[in-house]
Amino acid sequence: MCRNKLLRSSAITSKSHEKLQIVFVILICSIFLFIICSELYIVQHSVQIFSFYQYKKQSISTNKLILAIRHKILEIEKNLGISEKRHNSSNKTRDKSSETLSEHDEYHKFLSDSRKNTNTTFFFFNSTETFHKLFLTWLDTRTSSLPFEINFTLDHKHICEEQGQKLSVLIAVTSSATHLESRAAIRETWGGFAREKGAKVVFFLGIPKNSRYRTRIWDENTKFHDIIQATFLDTYTNLTLKTISVLKWISEACSFVKYVLKVDDDMFINVENFLNLTEMKNHSKAIMGELAHEWHPVRSSKNKWFTSYTDYPFNVYPDFVFGPSYLLTGDIIKLLYEESIQMKTFHLEDVYITGFVAEKLNIKRINLPAMFNTPRDLQPCNFKNLLSSHGHTPPDMRRHWMWLTRRNFKCDS
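Throughout, the numbering used here is defined as the position within the sequence shown, counted from one, plus 3.
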């Protein structure tokens, strides 16, 4: 009998232990889920928020800049004639439980908080008059000049007769100095076709680090007479300088051209569609391409496109078009060049030229839906609806071109 009691007691104790183990497992899982959710929330919102902790970590000069911007907000508020009194009275008639704050309301809340507490979170507005004015104020603090003058070791000003007065489209290919095969593939495929249709195709290079390429580039240029080489090292970090060199050369040698198509050397272009576009549309003072609207800076230092708060303190870039390919009207080339050499350059070429500089000059940026800066399906029936496709190797270009020039295919209507 005593033995049975001991067995029952042992069984009860065992069940209690099992329950405790289950509770413990549930508790651990709950903590784990909470940590994961917290991390997801932080990752999702960290791009848009410039916390006071991050603000304190910046250099003294950056802190002064942020404070200057903050004071400028108050000036802009006064200039815009936004009345806090009107804001407060409108709040009384609003059902706060069912409506979110409007942008102006959020703006006033930001100003009010910043007056009360210097430890407030900083965030900046997207695509509003306030953001535009704040951004231009920030640009004014970046007034500078290029540390050296861009000159050309290889030049062909004769490419544009009469400064391009009769030229509809100039295709400026920004090419890596070492990409001889990419340039050859372009000449053999869509670039050669563009020349047949009356467009001009020019390749823009820097100076290669490896000296053995210099002789090869010289021989290439002697054969084709289509290379413009500027006096800076041909590196990824100098892409902004390369585009500035494009603007300089065109403003000096081809200033009357109607359109400039700027492309990278791994783009595949539907020349016929582009020529039709330039003939049908009569744009002025515009940049056209795949538009990036309210694009957030990348804040991870491990990323190729990393931008620190010191380099750019706002939570969004002004509208810009992606760099692998975009179309510019000829009447803005000189404006872009002259403005681009008057401010401190930015490491992201497309953000700098089509965002910062274009915003300063109030140049329109227009989205072209068929202009892709990602690889696209280039089967003939798909290609006829495209303007551009990105990320193509020389063999890829030749293979697609061979297929596209066959005339025996049919497309469903």
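Where is the CB? At the ideal position from N, CA and C, for every residue including glycine. Quick caveat, the model's predicted, so the values are computed rather than measured.
Would residue i and residue j be called neighbours here (beta carbons separated by less than 8 Å)?
i: residue 3; j: residue 265; result: Only positions 4 to 416 of the chain appear in the structure, and residue 3 is not among them; the question remains open.
i: residue 350; j: residue 375; result: no
i: residue 347; j: residue 147; result: yes
i: residue 292; j: residue 328; result: yes
i: residue 274; j: residue 333; result: no
i: residue 472; j: residue 397; result: Outside the shown range of the chain (4 to 416) lies residue 472, about which nothing can therefore be said.
i: residue 323; j: residue 368; result: yes
i: residue 3; j: residue 335; result: Residue 3 is absent from the structure shown; the chain starts at 4 and stops at 416.
i: residue 337; j: residue 248; result: no
i: residue 256; j: residue 245; result: no
i: residue 171; j: residue 201; result: yes
i: residue 208; j: residue 220; result: yes
i: residue 216; j: residue 240; result: no
i: residue 390; j: residue 277; result: yes
i: residue 153; j: residue 235; result: yes
i: residue 191; j: residue 401; result: yes
i: residue 149; j: residue 260; result: no
i: residue 403; j: residue 271; result: yes
DSSP has residue i in a bridge; who is on the other side?
i: residue 370; result: 292
i: residue 393; result: 270
i: residue 157; result: 232
i: residue 331; result: 263 and 290
i: residue 139; result: Answer by DSSP bridge pairing: none, since residue 139 is not bridged.
i: residue 174; result: 204 and 264
i: residue 146; result: 346
i: residue 210; result: 236
i: residue 360; result: In DSSP, residue 360 forms no bridge with anything.
i: residue 324; result: 294
i: residue 301; result: 309
According to the neighbour-count rule (16 or more other Cβ atoms, all chains shown, within 10 Å of its Cβ), is residue i buried or exposed?
i: residue 113; result: Note that residue 113 scores a pLDDT of 43, beneath 50, so its modelled location is shaky; the value from the coordinates is reported in the next line. So residue 113 ends up on the buried side.
i: residue 30; result: exposed
i: residue 3; result: Within the shown structure, residues of the chain are numbered from 4 to 416, placing residue 3 beyond reach of any answer.
i: residue 88; result: Reliability fails at residue 88, whose pLDDT of 42 lies under 50, so the model's placement of it is uncertain and the value that follows must be treated cautiously. By the 10 Å Cβ count, residue 88 comes out exposed.
i: residue 222; result: exposed
i: residue 34; result: exposed
i: residue 243; result: buried
i: residue 388; result: exposed
i: residue 23; result: exposed
i: residue 320; result: buried
i: residue 413; result: exposed
i: residue 101; result: For residue 101, the pLDDT reaches just 37, beneath the cut-off of 50, and the residue's location in the model is therefore unreliable, although a value from the coordinates is still provided. With fewer than 16 Cβ atoms within 10 Å of its Cβ, residue 101 is classed as exposed.
i: residue 316; result: buried
i: residue 25; result: exposed
i: residue 314; result: exposed
i: residue 311; result: exposed
i: residue 318; result: buried
i: residue 405; result: exposed
i: residue 297; result: exposed
i: residue 372; result: exposed
i: residue 203; result: buried
i: residue 377; result: exposed
i: residue 27; result: exposed
i: residue 352; result: buried
i: residue 342; result: buried
i: residue 151; result: exposed
i: residue 237; result: buried
i: residue 218; result: exposed
Could you please give the first and the last residue of the uninterrupted alpha helix (DSSP H) stretch that includes residue i?
i: residue 280; result: 274-283
i: residue 222; result: 215-227
i: residue 340; result: 336-343
i: residue 185; result: 183-191
i: residue 241; result: It is not in any alpha helix (DSSP H) - residue 241 carries neither H nor E in the DSSP assignment.
i: residue 383; result: 383-386
i: residue 164; result: Run containing residue 164: none; DSSP gives neither H nor E here.
i: residue 351; result: First-last for residue 351: undefined, no H or E at that position.
- Query: So, do the stretch 376-394 and the stretch 153-170 have three or more beta carbon pairs nearer to each other than 8 Å?
  - Reply: no
- Three or more C-beta pairs closer than 8 Å, one from the stretch 159-170 and one from the stretch 187-199: is that the case here? no
- Are three or more beta carbon pairs between the stretch 136-151 and the stretch 362-371 nearer than 8 Å? yes
- Query: So does the stretch 304-320 actually touch the stretch 224-238, counting three or more Cβ pairs closer than 8 Å?
  - Reply: no
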